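Colleague: Would you mind keeping the following structure in view while I ask a few things?
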Amino acid sequence: MNMTIPMDNVIALLPEMIIAAFACLVLMFDLMLPQGRKNPLAWFSLAGVALAAFATFRLTHQHISAFADTFQVDPFSNFFKLLFYLIVALVILMSRAYLQQDRIHIGEYYHFILLVLTGMMIMVSATDLMTVYMGLELVSVTLYIMAAMKRYESRSTEAGLKYFVLGSFSSAVLLYGMSLIYGVTGTTNLAAIGAFLGDGVPNSAATVGLIMMVVGLAFKVAAAPFHMWAPDVYEGSPTPITAFMSVAPKAAAFAVILRVMLEAFGGMKSDWEAIFTVIAVLTMAVGAVLALVQTSLKRMLAYSSIGHAGYALIGVVVGDALGTFSVMYYLVIYAVMNLGAFAIIIMLRNQGLMGEELDDLKGLSRTHPWAALFMLVFMFSLAGIPPTAGFIAKFYIFMAAINAGYILLAIAGALLAAVSAYYYIRVIVVMYMQEPETDHVLTAPAGLRLALVFSLLFVIGLGVFPDPLADFAQQAILSF
Amino acid sequence: MIEALFIYLATVCVICAVLTVSLRQPVYNVLALLTMFFHVAGLYVLLNAEFLAVVQIIVYAGAILVLYLFVLMLLNVRTQSRHLHRQWPFAVLILGSVTAMLVGALQDGTWGVASGEYTAAAIQEIGNTQAIGLRLYTDYLLPFEVASLVLLVAMIGAIVLTKKGLIDDHIKE
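As structure tokens, this is what we get:
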């Protein structure tokens, strides 16, 4: 048996290889730069992302199955990859000022962020449980380290440790589920598992395996009741990293959930549908209710991020073409508006001001009207108020649920969305109705400004003209 | 005979695993873990997976556990004063429900398992190590390569989190 790697495989894996290569080159390039002057690395990483985006763009509408069916390039995976490029580019643009301020602007940061990107790309392209797991682990291990990067601050190390312990635990549960599924079906390939389980013969071992995999994946998207790690980790991590991990790995995990549930467990939909319904309602409720009592802005956004995972889970429960489409659309919009909100928090971090408390926003409209206006738009969008994109995203989710007959789920979602609007609007009240207490002058470097303006245009533009992205997502729906 | 061996190995595994998390002295925890690793290796032998059994002993018992012991002795970890954490009722509750779920699934009568491509007889023919090597370097080449990236990130991560002077540790917030 010869080990040959056909060209097809190389082409399919080209974007991942580019990003992984740039991640390693960043480390070498880093050595040539003196400490404290790491800006070129940001541009270098962005160049890598742009190159990979070009490679992915060339593959947009192709279907290539590579590496003995463990890896697949299809419109679905390319849609998510393009989303990840966007997220990583925005995060790199907005993070420099914060990293310099907190003295963690080191070359390894870019190495890590590119490797997380590689892991996420492998996750969304994986068509084998082994590949899914390795991609997931690459993402998780890197994020544990990134969470603890501000190592002189106990909050950050605590976040890293907590994330590590709970993340490893959830990986173990996921693996246990995978091993049971392998035992039942004798294969790790998703399509083969789907073919084996598709005949509808009840198998208790497969059910237990499925439950464990759902639990493991629910941990990864921080869905209730497996969300306990999220607020502490999101609060303790450096803000740009919080921004990154509240959107990108979550989107990757959702892509895995969609692919695994629809492709491998399509025949057991009645089983996982019930579990995800409970999880979705609990998640939306936890996100809406617990965010009400937070005084820390970062913690509030952590609970908000939990809540948004709940809405996306409604689309997973629906599980048909429209449901898949609504999840994909929701994840894109959520990613950009959440990054925008975090960009404002990053801006607030200034000499002597942590900028992580709700009170730090007091009177922002007087001192910095533009920043307040941006925050207003992002908060409206997160709350799902028209004419922002957040409204369109929620609209598609509820429409998918009602179309497929999940009326109660849609009603629960709409009610909890109304509850959660309260705390988004509270942020606006604090900014516009209260007197400023400090006279800090905020500075926004060019990169941060660029990220902010882009997010704002994206959120408003797609709120008014939702069709271009909708068409793109329509073409990328999984089809089995 | 094999059944008796399995029951012995599995029982010792479970007992040692419980001791690993419940004993007070860190050194005893590690020793219980060591005993468990050896018995897991025994289980692998029963499953005709000799290669895995050897790897289990060399890597886990040999390398990882010795590392644990080194860390324990270097850091002089103190004994936990409280024996059980406050959350133990929750832990028992969750453990109980998971166990009930597994037992229920086993009793259900539909617990079916496929034999797969590599039966004991097939493995006897190809050879244990060869079978693993073949699968690893053909079908599972990509996951195997990704594992190298995970190791890389662990290495760089250890440097970032511990190296002196890399991050300015002396500033006070």
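As they're listed, the protein sequences go chains Y and G. First residue of the first sequence? That's 883 in the working numbering, and the numbers climb one at a time after it. First residue of the second sequence? That's 2 in the working numbering, and the numbers climb one at a time after it. Glycine included, each C-beta is placed from N, C-alpha and C at the ideal position. Remember, it's a predicted structure, so these values are computed and weren't measured experimentally.
Please classify G/Leu143 as buried or exposed, where buried requires at least 16 neighbouring CB atoms within 10 angstroms.
Modeller: Walking along the second sequence from the start, residue 143 of chain G turns up at place 142. Its Cβ being crowded by 16 or more others within 10 Å, G/Leu143 is buried.
Colleague: List the residues of chain G that Y/Ser1186 touches, going by C-beta distances under 7 Å, in chain order.
Modeller: Here residue 1186 of chain Y is taken as the residue at index 304 of the first sequence, counted from 1. Those within 7 Å of Y/Ser1186 in chain G number zero; the least Cβ separation is about 26 Å.
Colleague: Beta carbon of Y/Ile1004, beta carbon of Y/Met1016: below 8 Å?
Modeller: Taking the first sequence and counting its residues from 1, the one referred to as residue 1004 of chain Y is at position 122. Taking the first sequence and counting its residues from 1, the one referred to as residue 1016 of chain Y is at position 134. The answer is yes: Cβ separation under 8 Å.
Colleague: Output needed for G/Leu6: all residues of its chain with C-beta closer than 8 Å, excluding positions within five of it in sequence on either side, in chain order.
Modeller: As a working note, residue 6 of chain G is residue 5 in the second sequence. Counting only Cβ-Cβ distances below 8 Å, and skipping sequence neighbours, we find Gly43, Leu47.
Colleague: Does the beta-carbon of Y/Met1143 have 16 or more other beta-carbons within 10 angstroms, so that it is buried, or is it exposed?
Modeller: Stepping through the first sequence from its first residue, residue 1143 of chain Y is reached at position 261. With 16 or more Cβ atoms within 10 Å of its Cβ, Y/Met1143 is classed as buried.
Colleague: Does the CB of G/Ser116 have a neighbour CB from chain Y at under 8 Å?
Modeller: Translated into positions along the second sequence, residue 116 of chain G becomes position 115. Closer than 8 Å to some Cβ of chain Y, the Cβ of G/Ser116 qualifies, so yes.
Colleague: Roughly how many whole angstroms lie between the Cα atoms of Y/Ile995 and Y/Ile986?
Modeller: Here residue 995 of chain Y refers to the residue found at position 113 of the first sequence. Here residue 986 of chain Y refers to the residue found at position 104 of the first sequence. Taking the straight line joining both Cα atoms gives about 14 Å.
Colleague: Between Y/Pro1348 and the rest of its own chain, which residues show a CB-CB distance below 6 Å, the 5 nearest in sequence each way excluded?
Modeller: For the purposes of this step, residue 1348 of chain Y is taken as residue 466 along the first sequence, with counting starting at 1. So the qualifying residues of the chain are Ile1274.
Colleague: Classify G/Ile168 as helix, strand or coil using the three-state DSSP reduction.
Modeller: Residue numbering aside, residue 168 of chain G sits at position 167 when the second sequence is read from its first letter. Residue state, collapsed to three classes: coil.
Colleague: Alpha carbon to alpha carbon, what distance is there between Y/Thr1165 and Y/Phe1158?
Modeller: Residue 1158 of chain Y sits at position 276 when you count from the first residue of the first sequence. Residue 1165 of chain Y sits at position 283 when you count from the first residue of the first sequence. The alpha-carbon atoms of Y/Phe1158 and Y/Thr1165 are separated by roughly 10 Å.
Colleague: Do the CB positions of Y/Glu1040 and Y/Gly1118 come within less than 8 Å of each other?
Modeller: Here residue 1040 of chain Y refers to the residue found at position 158 of the first sequence. Here residue 1118 of chain Y refers to the residue found at position 236 of the first sequence. Yes; because the gap between Cβ atoms is below 8 Å, this pair is in contact.
Colleague: At 4 residues or longer, what runs of the alpha helix (DSSP H) sit wholly inside the region 98 to 168 of chain G?
Modeller: Counting only runs of 4 or more, we get 121 to 127, 129 to 138, 142 to 163.
Colleague: Would you report the Cα separation of Y/Met1110 and Y/Glu1145, rounded to the nearest angstrom?
Modeller: Within the first sequence, the letter at position 228 stands for residue 1110 of chain Y. Within the first sequence, the letter at position 263 stands for residue 1145 of chain Y. Answer to the nearest angstrom: the Cα atoms are 29 Å apart.
Colleague: Looking only at its own chain, which residues have a Cβ that is under 7 Å from the Cβ of Y/Pro957, when we skip the five neighbours before and after it?
Modeller: Here residue 957 of chain Y refers to the residue found at position 75 of the first sequence. Excluding residues within five positions, the ones whose Cβ falls inside 7 Å are Thr942, His943, Gln1357, Ala1358.
Colleague: Less than 7 Å between C-beta atoms, sequence neighbours within five positions excluded: which residues of the same chain meet that for G/Glu174?
Modeller: Within the second sequence, residue 174 of chain G is the residue found at index 173, counting from 1. Bear in mind that a pLDDT of 43 at G/Glu174, under 50, signals an unreliable position, so the model cannot answer this.
Colleague: Determine, for Y/Tyr992, whether the minimum Cβ-Cβ distance to residues of chain G falls below 8 Å.
Modeller: As a working note, residue 992 of chain Y is residue 110 in the first sequence. Not one chain G Cβ lies under 8 Å of Y/Tyr992.
Colleague: Would the region 1126 to 1133 of chain Y count as touching the region 1234 to 1247 of chain Y if we require 3 or more Cβ pairs under 8 Å?
Modeller: As far as the Cβ criterion goes, the region 1126 to 1133 of chain Y does not touch the region 1234 to 1247 of chain Y, which means the pair count is below three.
Colleague: Hey, Y/Leu1243 and Y/Val1199 are a contact pair by Cβ (cut 8 Å); roughly how many whole angstroms apart?
Modeller: If you number the first sequence from 1, residue 1243 of chain Y lands on position 361. If you number the first sequence from 1, residue 1199 of chain Y lands on position 317. No, Y/Leu1243 and Y/Val1199 are not in contact; Cβ-Cβ is about 35 Å, not under 8 Å.
Colleague: Taking Cβ-Cβ distances below 8 Å as the criterion, which residues of the region 973 to 1003 of chain Y are in contact with chain G?
Modeller: Within the region 973 to 1003 of chain Y, the qualifying residues are Arg985, Ile986, Ile988, Glu990, His993, Phe994, Leu997, Thr1000, Gly1001.
Colleague: Report buried or exposed for Y/Ile1093, applying the criterion of at least 16 other Cβ atoms within 10 angstroms of its Cβ.
Modeller: Working through the first sequence from its first residue, we reach residue 1093 of chain Y at position 211. Answer is buried; the Cβ neighbour count reaches 16.
Colleague: Using the Cβ count rule (16 or more neighbours within 10 Å means buried), how would you classify Y/Asn921?
Modeller: Taking the first sequence and counting its residues from 1, the one referred to as residue 921 of chain Y is at position 39. Exposed is the call here.
Colleague: Where do the N-terminal and C-terminal ends of the alpha helix (DSSP H) with Y/Ser1007 fall, by residue?
Modeller: The residue given as residue 1007 of chain Y occupies position 125 in the first sequence. Per DSSP, Y/Ser1007 belongs to the alpha helix (DSSP H) from 989 to 1007.
Colleague: Residue range of the beta strand (DSSP E) that Y/Gln954 falls in?
Modeller: As a first step, residue 954 of chain Y must be located in the first sequence, where it is residue number 72. 953 to 955 is the span of the beta strand (DSSP E), which, as asked, contains Y/Gln954.
Colleague: Hey, Y/Ser1186 and Y/Ser1302: beta-carbon distance below 8 Å or not?
Modeller: What you label residue 1186 of chain Y is simply residue 304 of the first sequence in a count that begins at 1. What you label residue 1302 of chain Y is simply residue 420 of the first sequence in a count that begins at 1. Against a cut-off of 8 Å, the Cβ pair of Y/Ser1302 and Y/Ser1186 comes out as a contact.
Colleague: On the DSSP bridge assignment, give the partners of Y/Ser947 in chain order.
Modeller: Working through the first sequence from its first residue, we reach residue 947 of chain Y at position 65. BP columns for Y/Ser947 point to Y/Gln954.
Colleague: What alpha helix (DSSP H) runs, 4 residues minimum, are completely inside the region 1094 to 1131 of chain Y?
Modeller: Listed in chain order, the complete alpha helix (DSSP H) runs (minimum 4 residues) inside the region 1094 to 1131 of chain Y are 1111 to 1118.
Colleague: Along chain G, in chain order, which residues have C-beta atoms closer than 9 Å to that of Y/Val1311?
Modeller: Walking along the first sequence from the start, residue 1311 of chain Y turns up at place 429. What Y/Val1311 touches in chain G: nothing, since even the nearest Cβ is about 29 Å away.
Colleague: What are the boundary residues of the alpha helix (DSSP H) that includes Y/Phe1147?
Modeller: As a position in the first sequence, residue 1147 of chain Y is number 265, starting the count at 1. Looking at the DSSP string, Y/Phe1147 is not in any alpha helix (DSSP H), and its letter there is neither H nor E.
Colleague: Look up Y/Asp1010 in the DSSP assignment and give the residues it is bridged to.
Modeller: Position 128 of the first sequence, counted from the start, is the residue given in the question as residue 1010 of chain Y. Answer is Y/Asn1071.
Colleague: Nearest chain Y C-beta to G/Val147 closer than 8 Å, yes or no?
Modeller: What you label residue 147 of chain G is simply residue 146 of the second sequence in a count that begins at 1. Yes, its Cβ sits closer than 8 Å to a Cβ of chain Y.
Colleague: Just checking my contact of Y/Gly1189 with Y/Ala1162 at CB under 8 Å: how many whole Å lie between their CB atoms?
Modeller: Translated into the one-based positions of the first sequence, residue 1189 of chain Y becomes position 307. Translated into the one-based positions of the first sequence, residue 1162 of chain Y becomes position 280. Contact doesn't hold; Cβ gap of about 11 Å is too wide.
Colleague: With a threshold of 16 other CB atoms inside 10 Å of the CB of Y/Trp925, please say whether the residue is buried or exposed.
Modeller: Walking along the first sequence from the start, residue 925 of chain Y turns up at place 43. By the neighbour-count rule (16 or more Cβ atoms within 10 Å), Y/Trp925 is not buried but exposed.
Colleague: Consult DSSP for Y/Asn891 and reduce its assignment to one of helix, strand or coil.
Modeller: For this step, residue 891 of chain Y is matched to residue 9 along the first sequence. Helix.
Colleague: Check whether chain Y comes within 8 Å of G/Ala106, counting only Cβ atoms and requiring the distance to be less than that.
Modeller: By one-based count along the second sequence, residue 106 of chain G stands at place 105. Taking Cβ atoms only, chain Y reaches closer than 8 Å to G/Ala106, which makes this a yes.
Colleague: At least one CB of chain G closer than 8 Å to the CB of Y/Val1066: is that the case?
Modeller: On the first sequence, position 184 is the one that residue 1066 of chain Y refers to. Chain G, which has a Cβ nearer than 8 Å to the Cβ of Y/Val1066, makes this yes.
Colleague: Run the CB neighbour count on G/Gln131, radius 10 Å, all protein chains shown included, and call it buried at 16 or more, exposed below.
Modeller: By one-based count along the second sequence, residue 131 of chain G stands at place 130. With fewer than 16 Cβ atoms within 10 Å of its Cβ, G/Gln131 is classed as exposed.
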